[in-house]
Structures are given as structure tokens and as C-alpha cells.
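Asks: Dropping the structure in here first, questions after.
Protein chains: 4
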Amino acid sequence: MIVILKNEADSQKVEILRQWLENQNVEIHKSVGEYTTVWGLVGDTSRIDADLIEGLEIVEGVRRISEPYKQANRKFHPNDTVIDLGGSVKLGAGNFQFFAGPCSVESEEQIIEIAKSVKEAGANVLRGGAFKPRTSPYAFQGMRSDGLKLLIEAKEITGMPIVSEIMDASHIDLFEDVDIIQVGARNMQNFELLKQLGKLDKPIFLKRGLCATIDELLMSAEYIMAGGNEKVILCERGIRTFEPAARNTLDLSAVPILKEKTHLPVVVDPSHASGIARLVKPLSYAAAACGADGLMIEVHNNPQQALCDGPQALTPDKFAEVAKGVQKILNALK
Amino acid sequence: MIVILKNEADSQKVEILRQWLENQNVEIHKSVGEYTTVWGLVGDTSRIDADLIEGLEIVEGVRRISEPYKQANRKFHPNDTVIDLGGSVKLGAGNFQFFAGPCSVESEEQIIEIAKSVKEAGANVLRGGAFKPRTSPYAFQGMRSDGLKLLIEAKEITGMPIVSEIMDASHIDLFEDVDIIQVGARNMQNFELLKQLGKLDKPIFLKRGLCATIDELLMSAEYIMAGGNEKVILCERGIRTFEPAARNTLDLSAVPILKEKTHLPVVVDPSHASGIARLVKPLSYAAAACGADGLMIEVHNNPQQALCDGPQALTPDKFAEVAKGVQKILNALK
Amino acid sequence: MIVILKNEADSQKVEILRQWLENQNVEIHKSVGEYTTVWGLVGDTSRIDADLIEGLEIVEGVRRISEPYKQANRKFHPNDTVIDLGGSVKLGAGNFQFFAGPCSVESEEQIIEIAKSVKEAGANVLRGGAFKPRTSPYAFQGMRSDGLKLLIEAKEITGMPIVSEIMDASHIDLFEDVDIIQVGARNMQNFELLKQLGKLDKPIFLKRGLCATIDELLMSAEYIMAGGNEKVILCERGIRTFEPAARNTLDLSAVPILKEKTHLPVVVDPSHASGIARLVKPLSYAAAACGADGLMIEVHNNPQQALCDGPQALTPDKFAEVAKGVQKILNALK
Amino acid sequence: MIVILKNEADSQKVEILRQWLENQNVEIHKSVGEYTTVWGLVGDTSRIDADLIEGLEIVEGVRRISEPYKQANRKFHPNDTVIDLGGSVKLGAGNFQFFAGPCSVESEEQIIEIAKSVKEAGANVLRGGAFKPRTSPYAFQGMRSDGLKLLIEAKEITGMPIVSEIMDASHIDLFEDVDIIQVGARNMQNFELLKQLGKLDKPIFLKRGLCATIDELLMSAEYIMAGGNEKVILCERGIRTFEPAARNTLDLSAVPILKEKTHLPVVVDPSHASGIARLVKPLSYAAAACGADGLMIEVHNNPQQALCDGPQALTPDKFAEVAKGVQKILNALK
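These protein sequence lines map, in sequence, to chains A, B, C and D. Residue numbers for the first sequence follow this note's numbering, so the first one is 48 and each next one is one higher. Residue numbers for the second sequence follow this note's numbering, so the first one is 48 and each next one is one higher. Residue numbers for the third sequence follow this note's numbering, so the first one is 48 and each next one is one higher. Residue numbers for the fourth sequence follow this note's numbering, so the first one is 48 and each next one is one higher.
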């Protein structure tokens with residue numbers, strides 16, 4: 048970390064800062080220039096809060112050299128992490144996977160039918176929402192624990208591992224037979240939840256918040272990993288911008304940037320990002336072409352009729368077509 | 048709600064939509080034009096999900112006429128809500144209040160000294176963080192339940208009501224003696240937490256999320272109110288934009304817009320919004336001038352020394368100056 | 048266009064609006080509901096300003112059914128436009144092209160050497176900046192007309208058509224021998240310039256503004272086309288968001304959205320969008336995979352030494368590698 | 048300027064950078080740490096392009112200590128600039144002024160009637176658009192030179208100085224009798240136009256671009272000042288964010304931030320920022336309270352009838368009310 052002191056900095060306050068930093072076991076290398084003094088901090092600066100120092104009256108600026116995330120950092124773990132998703136399905140380091148299924152679990156018949164059809168179309172993991180984060184308290188909140196039971200039934204029938212979203216740490220027990228626990232965009236910085244998930248030995252599917260920076264996403268992964276659970280899957284699902292043409296703006300630059308910064312697998316969710324079924328195919332192709340490790344795609348057996356999934360869900364047939372196209376791109380780039 | 052159907056809409060799918068809407072107890076008024084058909088939906092459309100309908104292949108667009116929030120809506124509650132904050136301090140309808148105190152509770156000495164000084168300087172409510180949402184798992188996470196105890200002690204000594212942030216529904220019991228529970232920006236859409244807070248009989252201080260729209264803030268208030276707790280205080284604390292000069296961009300237009308849309312009191316937090324102590328005074332003046340019902344301001348007894356609060360905290364003296372200036376503006380506009 | 052009137056709208060003002068609309072040769076289809084009255088406007092509503100009507104006190108909202116752009120609209124021109132770039136190079140409808148070259152023309156030797164090497168590596172059009180829009184008045188402003196002359200020389204030697212940026216309408220004469228005129232992101236809404244370019248018979252390479260919506264980009268294309276010049280090439284080059292990891296956020300969703308809305312060709316510029324040479328390859332692959340008609344890529348013969356182009360420029364070798372990979376993806380998706 | 052080199056930087060490339068910097072008359076102060084080497088650059092670094100250096104492979108990061116704007120910089124001109132607007136009206140350093148008038152000049156009767164009524168209501172400068180930047184080529188483009196003539200007539204009758212927007216450098220001659228030339232948000236980075244305006248001896252009213260940072264606004268001012276024209280008025284008029292409730296998000300933090308960074312006067316335009324007449328009063332009060340030097344407000348004699356100005360224009364009566372309220376706040380804060 049580099050701390051740039053102001054020219055006219057009060058020497059007493061500078062001394063207080065110096066002592067405080069040294070108490071944190073950080074060594075200071077000074078460089079005194081004509082207009083500014085620069086301190087290079089050497090040691091474990093990941094626990095030092097750059098914002099706090101930057102706010103001090105005597106400080107002109109702070110710049111991190113080493114990132115504040117350690118366990119998620121590729122510098123310290125150069126090789127791609129491979130995560131076992133259950134049922135011998137692996138993700139990362141060239142193992143590309145499709146997470147497919149309906150937005151919400153609606154009935155036994157629905158989830159089992161979709162599970163079978165997405166499996167046949169090439170999906171490796173079944174997704175389905177039981178606890179649904181809805182903007183309105185009056186909207187359908189999901190089948191909750193009953194939904195999880197139906198999802199587990201679909202897993203038993205098809206043999207596919209399942210992923211479903213958790214909304215509160217107090218529900219963790221209900222997810223015992225769920226292979227992968229999803230943290231939604233709105234809970235990406237629900238730190239108490241992240242801490243509890245860090246105690247599990249189960250893959251966590253962590254979605255980027257709507258206005259979270261890439262570094263903040265990595266810091267949230269770090270929360271889970273700091274607790275001992277290293278099985279974190281990162282998911283780019285669109286950020287909020289001024290552009291109204293799609294629901295959110297899919298940030299595909301985040302894929303190669305994340306692949307540089309971290310060894311964790313990166314999955315892209317074009318269905319939620321765009322909110323428009325017609326965009327799922329081109330955006331899936333783009334995600335695969337720029338290095339994503341997988342795709343999460345909403346599939347419904349009857350998007351026209353199902354009012355709850357219509358906008359962004361594909362039919363199983365359409366999903367099969369997307370999966371084939373993605374495979375062609377992956378083969379071409381091998 | 049107005050639903051605009053596409054010109055070439057498949058009549059069978061239109062019929063399915065018609066039936067589905069009528070099953071929701073909504074009456075449809077049709078208007079057939081040359082190029083489009085418009086349906087006016089009459090009835091309680093607050094439970095109808097506009098996004099879902101908008102996504103249907105046969106629909107050109109949807110426009111809400113009535114807002115999806117009912118209890119927070121000024122249309123149905125024209126008069127300003129006045130909230131009793133404890134200790135006979137009232138907020139709203141002309142009752143302007145200062146919420147002041149340190150970012151974090153650090154020690155008994157610190158919190159009691161600050162409490163006394165902000166009270167003397169004109170503050171009506173003491174703020175202090177015990178559970179701290181920090182981006183990094185390695186940063187100080189607050190004194191947690193011990194911090195709450197010290198805050199309660201400061202309340203007993205000074206007689207000021209207190210406000211502190213909650214981070215997980217499982218901590219609610221710890222807040223029994225806390226007068227006002229704060230929901231931070233990162234938890235604004237932690238819907239499970241909001242539901243639990245809706246069961247309490249205690250003011251909830253709800254901060255706007257970093258990328259939450261004004262309507263989403265109102266929907267989160269609606270979550271609390273739908274549970275029976277009508278004592279919701281809304282707080283504008285800056286949104287995330289492209290501008291790097293301050294930490295966030297304080298959206299003061301939100302104040303008059305919220306005052307039109309809702310009867311709930313609106314408080315502004317210039318300290319967290321800007322992250323820069325020097326901006327707190329002008330932004331406090333602006334907030335008071337455009338109709339805010341109160342200000343939440345970070346105050347520390349020794350900002351220079353306290354590394355944890357430096358950037359955005361005022362000294363008690365500086366806070367007293369701000370409070371006086373705000374009072375002048377309020378008087379001038381009476 | 049649909050105009051939704053307020054429930055309590057003053058009938059005299061409603062009458063004024065009715066007369067005004069009918070004077071614009073627009074027919075009104077009324078639909079009176081319990082809570083609102085909806086007017087469907089039939090006729091050429093492209094000249095009606097939706098914002099102005101929306102702002103009237105008596106209006107609840109306005110929604111366009113037909114887009115305000117006509118000549119750029121795919122509805123009225125279903126087939127892809129193919130643009131002749133010069134030298135028998137065509138763009139659009141399956142004709143994919145690489146626009147490559149340095150950020151700035153620096154010297155005769157530099158531009159000719161790069162021109163030869165990008166041609167060999169697979170580029171079809173040579174790019175090179177002569178007039179440079181720089182944030183600082185003290186930064187290098189380009190070689191201006193001398194730069195254009197060197198670019199034209201490189202065209203004569205290699206036979207490649209050339210593209211260069213214009214910054215003011217008064218410079219149009221200098222571009223007589225330039226095949227394609229580029230309008231930079233900062234001038235996307237320099238309407239006087241667009242009007243002048245609309246009078247030419249020459250392809251215009253129109254870059255999306257940093258905070259321009261997709262519809263605004265199309266309206267700027269419409270400015271050029273309304274003047275009679277239908278040869279407009281649209282370019283997505285990143286938008287400004289809160290994410291600091293890359294210079295801008297490349298909005299690849301814009302590619303399939305534009306391909307739906309318009310018949311004009313769409314090119315992606317990953318070099319300027321990201322500002323990072325390492326991201327050019329994955330983002331180029333993604334752009335090709337999601338349907339772009341071409342790529343504009345910065346190439347320099349010695350990026351390490353050339354201080355002016357370093358960050359985002361590829362070497363010719365690296366560019367050749369990108370061009371080959373893109374070709375593989377295009378072949379796989381045929 | 049501080050340049051932080053990478054640990055593993057190639058020594059030959061470092062040497063090239065060193066020589067290049069020294070050729071720019073910049074002295075390098077080195078500080079070699081365990082993990083990084085830091086160079087402090089001393090001299091006139093305003094002409095050094097930080098982005099270019101930051102992009103070099105061998106560089107970890109760059110941080111400016113001195114701002115790239117000199118003439119606009121308060122460090123070098125500590126006292127507020129006072130600008131003579133014509134007719135003995137002064138702006139800045141405590142001279143607060145109202146710029147009021149219609150969005151567009153529509154007719155002789157209209158502009159003269161409004162001019163008289165805003166003068167009576169307390170305005171000091173008359174605004175009126177003759178050249179109108181419109182998103183659509185089919186929308187009313189203003190009365191152009193005829194509009195300027197009517198505006199000049201209104202000036203002669205009322206004695207008020209006038210301000211009007213320029214859209215192209217070739218129109219400068221038409222503005223000879225216009226006291227203040229406005230550069231609109233869309234042309235803030237039309238650098239060729241700024242250069243031409245820098246040659247005049249006339250106040251320039253420079254509006255912040257929709258997605259321009261505060262520093263970019265100052266750099267555009269610097270373009271004008273570098274040409275010799277120091278009479279630049281900065282105008283905050285809202286930035287583009289994700290929030291749809293108002294047209295743009297008025298960034299009032301920009302006012303105190305600009306007042307710190309520059310000696311130039313800062314005016315706020317709440318009419319265009321919000322696009323909603325009802326918000327003009329509270330936002331004007333807020334702007335005055337946080338230190339703005341003036342307000343630009345749209346006033347129309349018959350907002351209900353005039354379809355072109357309706358949404359954001361006040362009646363003269365309403366404007367008089369706002370002007371009085373603003374005066375009360377200014378008096379209270381004296």
C-alpha cells in the first residue's frame with residue numbers, strides 16, 4: 048500500500064499515523080520528495096482500511112498495491128479451482144457446465160418435467176427457486192421449503208445436482224440436500240449470511256450485486272472463504288446502468304477480468320441480466336467466447352402460458368439449440 | 048395498469064392472458080385501435096407483476112397507473128406521518144431532528160463523551176454502530192452486542208433515544224432496548240429481515256440502497272408496513288454513479304420526490320453519502336432547504352486521532368455550527 | 048403513441064391538448080376507463096415530442112408504440128444494409144470486417160509500416176486518428192491535416208480504405224479522400240455536425256456516446272440519414288458505469304438489440320471500451336459470437352515504446368492471432 | 048505525479064520511460080521498496096498524460112498530486128472570480144444572480160412579455176434558446192438566427208443581459224450582441240468549439256455533460272481559458288444515473304466540490320436537471336443553501352398552453368415566489 052502525505056501535513060498528526068501503522072505490524076518505507084512524502088507500507092496490509100486512511104486530513108491519497116482479497120486471489124493460487132458440484136459434475140479449468148431450470152418451482156409435475164427435458168438438452172445442473180426475493184411484499188414469494196422438497200425429488204429422479212437460492216441464514220438447515228446454495232444479487236453483501244455459508248462444506252453460487260464492483264464481488268467471496276469454505280462460484284448477472292433497453296447491462300468484460308484476478312470459476316446468467324428470452328442465445332455465445340466456465344439459463348416447459356417465467360425463459364427446445372451453439376464455440380476455441 | 052398488446056398478437060395467447068387477469072379479480076376495459084389494443088385494468092392491481100406481463104411475447108408494454116405500494120402511498124394517507132422516536136422526540140410534519148454520533152461504538156468513554164457533546168450541540172437522537180457491515184472480512188466488524196450495551200448506557204445517562212444498525216434477523220432480541228432499528232443500504236432488499244422488522248412496534252430507519260430506485264425504497268418500506276409496523280423512516284444516503292469526486296452522489300431530488308409520493312418522514316445522511324467531512328455542512332444546509340425532516344450526521348470527539356471515523360466525521364464543535372445553520376434555514380423558510 | 052390522462056384532468060386543458068394534437072394530423076382514439084382515460088394516437092407520431100406531452104400537468108404518462116426513428120428502423124427496412132467501404136470491401140449482411148490501425152498517426156514510417164502489417168494480418172480497413180479529441184488542452188491534439196495526408200498515402204500504398212475521426216463540420220473538405228468518416232463518442236450528439244455529414248455520399252462511422260442510450264444512438268443515425276446519407280455504421284465502444292476495473296463497460300447486449308431494431312451494420316471497438324490490451328482478445332471473440340458485423344481494433348507496431356498507444360494497442364502479431372480466433376468463431380456459427 | 052512501477056518491471060522498458068519523462072522536463076525522485084518502486088515526478092506534469100503511462104506494461108499505477116487544470120485551479124487563483132455579465136450585473140464572490148426565461152424563443156410577443164415579467168420577478172439575466180439541440184431530427188430545431196434577433200430586441204427593451212446556446216463554431220458571428228454564450232451539455236467536450244470560444248472576450252456559460260465528471264468539466268473550462276478567455280461560468284444541470292423518477296439526477300455535491308477546486312462561479316439549473324416544474328422550488332432552495340452563485344430557471348408565461356415548455360417551466364408568479372425564498376435563505380446564511 049502506498050500512502051501519499053500532503054505537503055503541508057501537520058507533523059504531530061503524521062507521527063500518530065506512523066505509530067498506528069507500526070502497531071498494525073506494517074513497516075514504513077519513506078520517500079521524501081519536494082512536494083510530497085510517499086510511504087510504502089510493507090507487510091500484511093490486507094487488514095488495513097484504505098478508505099479510513101485516505102480520509103485523514105493529512106493524507107493526499109492511498110493506493111493499494113496488493114489486493115485486499117487473499118484466498119480468492121490468483122496471485123496466491125495460480126491454478127484454476129475445480130469445484131465438484133455433486134454427481135461427478137465438475138466446474139472450472141475447462142469443465143464448462145449448464146445450470147438450467149425454471150425461475151420458480153411451481154409444482155411437482157412442472158419441475159420434474161423440466162428437469163428431464165433440460166437434462167436431455169445438455170444441462171448438467173438443475174436450477175429452481177424456492178425462496179424468491181420479490182420487490183413487492185404482495186408478489187408470490189415462492190413455495191419455500193415445499194419448493195425445496197420438490198427440487199430434491201427432481202434431483203433423485205434425474206440424478207442432476209441442484210442449485211437454489213437462500214435468503215436468510217436461519218434457513219440453512221433446509222438446504223441440507225441441496226448441492227449448491229445460491230446467494231442472490233440482493234444479498235451479495237449480506238455479510239452475516241456469507242459468514243454462515245463460510246462454515247459449510249458445499250459449493251456457494253455467489254451472484255454479483257446490481258451495483259457491486261468486481262472487487263466487491265471478490266471481497267464477498269473472501270468472506271465465505273475466510274470461514275473455511277473455498278468452493279465459491281462467481282456469477283456475472285448484469286449491472287444497473289442508465290440503459291433501459293434490457294433489464295440490466297450484462298458486463299462481459301467482468302469475465303476476463305475475473306479470470307485474471309481470481310482462480311474461482313465464473314458463470315454468466317444471461318436470462319436475468321437481460322430479462323429478454325430473445326437475447327439469451329447471443330449473450331450465451333458471447334459469454335462462452337470470452338472465457339466463462341458455465342451458463343445459468345432459465346428454461347420453462349411452457350413460457351407462453353406460465354406467467355411467472357415468460358419474459359426471460361427459453362423452451363427446452365430453444366435451450367437445446369443454445370447449448371449446441373455454445374458447444375460449437377467451445378470446440379472452435381480449443 | 049395499462050397493458051398495450053402487440054398488433055399481431057396471437058389471439059389464443061391473448062385469451063389466456065385475459066382469463067389469467069380476470070382470475071386475479073381484475074376487470075379489463077378494452078380499447079381497440081388501428082395499430083394496437085390497449086387494456087385498462089381496473090381493481091387491485093398492486094398484486095399483479097408488471098414485469099412478468101411486460102415480458103410476454105404478445106405484450107408491447109405495460110404502464111402502472113397506481114403505484115404498487117399502498118401503505119406507504121401518500122394518495123391513501125394524505126397527512127404526514129409523525130413518528131415518536133422515544134423520550135418525547137417526534138419526527139415528521141415539521142418536527143426536524145438531528146441523529147448524531149460516531150460511526151462505531153468504540154468504548155464506554157468514547158460513546159458517553161460524544162453522546163453528551165452532541166446532545167449539548169443540538170442533537171435529539173444518538174447514533175452509533177455496534178454491528179458494522181464491512182466490505183472486508185478482515186476489517187473491524189464492530190463491538191456487536193457489547194457495543195449495543197454501551198449505547199444503551201449512553202442513552203440512560205443522557206436521556207436521548209438511540210438508533211443502531213441491525214444486520215441479521217436473528218439479532219432482533221439484542222435490540223430490545225434500542226429505540227430505533229436501522230437497516231443499512233446493503234440490506235435494503237434483505238426481504239426476510241424486513242418481514243421480521245414488520246412484526247415489531249418500533250421505528251425502523253430504512254436506508255436507501257446504493258443502486259435502489261426511489262420506488263424500490265418505497266417497496267422495501269411497504270414490506271415492513273405490510274407486516275403491521277407503520278413506523279418507517281426513509282433515509283437518502285447517496286447513490287452509486289460514475290462520479291468519483293465523492294464516495295457516492297447524494298440524490299437530493301429524492302427528498303421532494305419522496306415527500307410527494309409518501310407520507311413517511313425523510314432523513315438525509317450527508318456524512319456517508321459524501322464520505323468527506325468538509326461536505327457535510329453545505330449538504331446539510333441543502334437537505335434542510337429542500338424539505339428533509341432530519342439529518343443523520345457522524346460526529347466524533349477526535350476525528351484526527353480516531354482512524355476509524357476520520358474521513359466523514361465532524362467534531363462536536365463543527366456539528367454545533369452545522370446544527371445552528373440548519374436552524375437558520377428552517378426558520379427562514381417557515 | 049399512447050397518452051394516459053390523469054383522472055382529475057382539467058377538461059379545458061384536455062381540450063387544448065386535443066386540438067393541438069389534431070393540428071399535427073394525428074387522429075385520437077379515446078378509451079375512457081374508471082380511473083383514467085387513454086388516448087391512442089394514430090398517424091405519423093414520429094414528429095410528436097413525447098417528453099413535452101408527458102410533462103403536461105394533465106398527463107399521467109406517454110408511451111411510444113412506434114419508434115421515433117424511421118429510416119434507421121428495421122420495421123421499414125427488414126433487410127440488412129450492406130455498405131461499400133471502398134476498394135470492394137463490403138460491410139453487413141454477413142460481410143465481417145476488421146478496422147485496424149494506430150490510435151494516432153504519428154509519422155509516415157509508423158503509419159505505413161502498421162498499414163502493411165495489419166493488412167497482412169487480416170484487416171480490411173485502416174484506422175488512424177489525425178484530429179484527436181483530448182480531455183486536456185495541453186495534450187497532443189493529433190497531426191491534424193498532415194496526419195490525414197499520411198493516412199491517404201498509406202491507403203495508396205496498401206489499397207486499404209481508411210477511416211478517421213472528424214471533430215468539426217468546417218473540416219469536411221479535408222476528408223475528401225478519406226473513405227469513411229468517424230464521429231467520436233463525444234460528438235455523437237453534435238447535431239450540426241451530423242446534419243452536415245448527412246449531405247455527403249460517404250460512409251459515416253458513428254460511435255455511441257459514453258452515456259447515450261441505444262435509442263439515442265439510433266436517433267443520431269437518423270439525423271445523418273434524414274439528410275440523405277444512408278451509409279451509417281453504428282459502433283458500440285463502451286458506456287460509462289460505476290465499475291472502475293476497465294475504462295468503460297462494453298455493452299455487448301447492445302449488439303443483438305441493435306440488430307433487432309435497425310438494419311444498419313454494428314461494429315464493436317473493444318480497444319477503446321476497455322482501455323486494456325489484454326482484454327481485446329476475449330472481448331473481440333464475444334463481439335463476434337453475439338453477432339457484430341465487424342471489429343475496430345487498435346494496433347501499434349511497438350506498443351511498449353510508443354507512449355501514446357501503449358495501454359490498449361495490440362502488436363500486429365497479437366492482432367493476427369485475434370483475427371484468426373474470430374474467424375474460427377464465425378465459421379463455427381455459420 | 049506518482050508513478051508506481053511493477054515489481055517485475057523489465058529494466059530496459061523502465062529505462063525508456065525514464066528517458067521519455069526526463070525529455071518532458073520532469074525530474075524523477077525514486078524510492079525503491081521491497082515490492083515496488085515509486086517515482087515522484089517533479090515539474091510541470093500537467094502536460095503528461097497519466098492514462099498513457101498507467102497503461103504501460105511496467106506500471107502498476109499512476110496518481111496525480113497536482114490537478115491537470117491550471118487556470119481553473121483555485122490553488123493558483125485563491126480568490127473567487129467575479130464575472131461581469133453586462134449591464135453592470137456581476138456574478139460570483141457573493142453576487143448571486145437569476146438567469147430566467149423560456150426554453151425556446153417562440154415569437155416577439157412571447158419573449159418580450161416573459162423578459163418583462165422575469166425582470167419584475169427578480170431575474171438579472173434573460174435566457175432563451177434560439178438554436179435547439181433536439182434528439183430527433185424531426186423535432187423543432189429552434190428559430191435559429193431569427194430567435195437571436197428577438198432575444199436581442201428583448202434585451203434592448205428591458206436592459207437585461209442575455210444568454211443563449213451556441214451549437215457550432217461557425218455561428219459565433221451571430222452571437223456578437225449576445226452577452227453570454229452557452230455551451231450545452233451535449234457539446235461540453237466539443238473541443239473545437241471550446242477552442243474558438245477561448246478566443247472571445249465574452250462570458251461562456253458551460254454546462255456539465257450528462258456523464259461528465261467534475262474534473263472533466265474543469266478540463267473543458269481549461270480549454271476555453273487556455274485560449275485566453277477567463278470568463279467561464281460552470282453550470283451543474285444533472286447527471287445521468289439509473290434513477291428514473293426525474294429526468295436526470297441533480298448532483299448538488301458538485302457545488303461545494305467545485306467551489307473548493309476552482310475559483311470560477313457555479314450556477315445550478317434545476318429546471319433541466321429534473322424536467323419537472325414542481326421540483327424547481329425545493330432544488331433551487333437547496334442549490335442556494337449549499338453555495339451556488341446563481342440559478343438558471345425556465346419560465347414561461349403560459350406553461351399549460353405552451354406545449355414546448357410545459358414540463359419544466361414555471362409561471363412568472365411561481366418564479367417570483369422561488370426568487371423570494373432563495374433570497375431568504377441567502378440572507379439567513381449571511
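All residues carry an ideal CB built from backbone N, CA and C; glycine is no exception. Only a predicted model underlies this, so the values are computations on that prediction, with no experimental measurement involved.
Cα-Cα, which of A:95, A:241, A:121, A:259 is closest to residue 187 (chain B)?
Replies: Taking only the C-alpha atoms, the option nearest residue 187 (chain B) is A:95.
Asks: I want to see whether chain C comes within less than 8 Å of residue 362 (chain B), judged by CB atoms only; does it?
Replies: Judged by the 8 Å Cβ criterion, residue 362 (chain B) is not in contact with chain C.
Asks: Got a sec, what are the start and stop residues for the beta strand (DSSP E) residue 341 (chain A) sits in?
Replies: Its beta strand (DSSP E) spans residues 341 to 345.
Asks: Going by the C-beta, is residue 158 (chain D) closer than 7 Å to any heavy atom of the ligand SAM?
Replies: Ligands are entirely absent from the displayed structure, and the ligand SAM is therefore not among its contents.
Asks: With which residues is residue 88 (chain B) paired in a DSSP beta bridge?
Replies: Its beta-bridge partners are B:75.
Asks: With a CB to CB cut of under 6 Å and the five nearest residues on each side skipped, what residues in its chain are close to residue 60 (chain A)?
Replies: Cβ within range, chain order: 105.
Asks: Which residues of chain A have a Cβ atom closer than 7 Å to the Cβ of residue 298 (chain C), listed in chain order?
Replies: Correct list: 290, 296.
Asks: Going by C-alpha to C-alpha distance, which of B:127, B:190, B:131, B:185 sits closest to residue 158 (chain B)?
Replies: Out of B:127, B:190, B:131, B:185, B:190 has the C-alpha closest to the C-alpha of residue 158 (chain B).
Asks: What does DSSP give as the partner residues of residue 187 (chain B) in its beta bridges?
Replies: Beta-bridge pairing links residue 187 (chain B) to no other residue.
Asks: Measuring straight from C-alpha to C-alpha, what distance separates residue 179 (chain A) and residue 239 (chain B)?
Replies: Computed Cα separation, rounded: 10 Å.
Asks: The alpha helix (DSSP H) that contains residue 65 (chain D), what's its start and end?
Replies: 58 to 70 is the extent of the alpha helix (DSSP H) around residue 65 (chain D).
Asks: If you compare alpha carbons, which of D:50, D:103, D:115 is closest to residue 183 (chain C)?
Replies: Cα-wise, what sits closest to residue 183 (chain C) is D:115.
Asks: Rounded to a whole number of angstroms, what is the C-alpha to C-alpha distance between residue 253 (chain C) and residue 306 (chain D)?
Replies: About 36 Å.
Asks: Going by CA-CA distance only, name the one from A:181, A:234, A:146, A:168 that's closest to residue 315 (chain A).
Replies: Minimum Cα distance to residue 315 (chain A) is reached at A:146.
Asks: Shorter than 8 Å from the beta carbon of residue 276 (chain D) to some beta carbon of chain B?
Replies: It does not: the Cβ of residue 276 (chain D) has no partner Cβ on chain B nearer than 8 Å.
Asks: Taking all protein chains shown into account, do 16 or more other C-beta atoms lie within 10 angstroms of the C-beta of residue 57 (chain B), making it buried, or fewer, making it exposed?
Replies: Exposed.
Asks: Looking at the unbroken alpha helix (DSSP H) that takes in residue 305 (chain D), where does it start and where does it end?
Replies: Here the alpha helix (DSSP H) through residue 305 (chain D) covers 301 to 308.
Asks: Is the beta carbon of residue 404 (chain A) sitting closer than 8 Å to the one on residue 77 (chain A)?
Replies: Residue 404 (chain A) is absent from the model: chain A starts at 48 and stops at 381.
Asks: Which term fits residue 141 (chain B), buried or exposed, when burial requires 16 or more other beta carbons within 10 angstroms of its beta carbon?
Replies: It counts as exposed.
Asks: Excluding the 5 residues preceding and the 5 following residue 349 (chain A) in the sequence, name in chain order all residues of the same chain whose CB lies nearer than 8 Å to its CB.
Replies: For residue 349 (chain A), where only same-chain residues beyond five positions count, the Cβ hits under 8 Å are 362.
Asks: Looking at chain C, is there any beta carbon in it that lies within less than 8 Å of the beta carbon of residue 157 (chain D)?
Replies: No, residue 157 (chain D) does not count as interfacial toward chain C.
Asks: Could you tell me the alpha carbon to alpha carbon distance between residue 332 (chain A) and residue 373 (chain A), rounded to whole angstroms?
Replies: Approximately 6 Å, taken between the alpha carbons.
Asks: Nearest-angstrom Cα distance between residue 197 (chain B) and residue 224 (chain A)?
Replies: Answer to the nearest angstrom: the Cα atoms are 42 Å apart.
Asks: Against chain C, does residue 237 (chain D) count as a neighbour if the rule is that its beta carbon must be under 8 Å from one of theirs?
Replies: Chain C contact via Cβ: present.
Asks: Given residue 100 (chain B), which residues of its chain have a CB within under 7 Å of its CB, disregarding the five upstream and five downstream residues?
Replies: 50, 106, 109, listed in sequence order.
Asks: Determine the contact status of residue 210 (chain A) and residue 226 (chain A), defining contact as a CB-CB distance below 8 Å.
Replies: Taking 8 Å as the Cβ cut-off, residue 210 (chain A) and residue 226 (chain A) qualify as a contacting pair.
Asks: Kindly say whether residue 348 (chain C), judged by its beta-carbon, lies nearer than 8 Å to any beta-carbon of chain D.
Replies: So, not an interface residue.
Asks: Give the secondary structure of residue 255 (chain A) by DSSP, where H, G and I count as helix, E and B as strand, and everything else as coil.
Replies: Coil.
Asks: On the CB-based measure, 16 or more other CB atoms within 10 Å of its CB, does residue 204 (chain B) come out buried or exposed?
Replies: Exposed, since its Cβ has fewer than 16 Cβ neighbours within 10 Å.
Asks: I'd like to know whether the C-beta atoms of residue 89 (chain D) and residue 73 (chain D) end up nearer to each other than 8 Å.
Replies: It is a contact, given that the beta carbons lie within the stated cut-off.
Asks: Show which residues of chain A have a CB atom less than 7 Å away from the CB atom of residue 218 (chain D).
Replies: Residues of chain A passing the Cβ test: none, with the nearest at roughly 30 Å.
Asks: Please state if the CB of residue 215 (chain B) and the CB of residue 259 (chain A) are separated by a distance shorter than 8 Å.
Replies: Going by C-beta atoms, residue 259 (chain A) is not nearer than 8 Å to residue 215 (chain B).
Asks: Closest to residue 381 (chain B) by CA distance: which of B:346, B:335, B:283 is it?
Replies: If we check each option's Cα against that of residue 381 (chain B), B:335 comes out closest.
Asks: For the 8 Å Cβ check, are there 3 or more pairs between the segment 116 to 133 of chain B and the segment 294 to 313 of chain B?
Replies: Because the criterion of three Cβ pairs below 8 Å is met, the segment 116 to 133 of chain B and the segment 294 to 313 of chain B touch.
Asks: Where does residue 311 (chain A) sit, in a helix, a strand or coil, going by DSSP?
Replies: Of the three classes helix, strand and coil, the one that applies to residue 311 (chain A) here is coil, per DSSP.
Asks: Using a Cβ cut-off of 8 Å, pull out every chain C residue sitting near residue 261 (chain B), in sequence order please.
Replies: Within 8 Å Cβ-Cβ: nothing; residue 261 (chain B) doesn't reach chain C, min ~16 Å.
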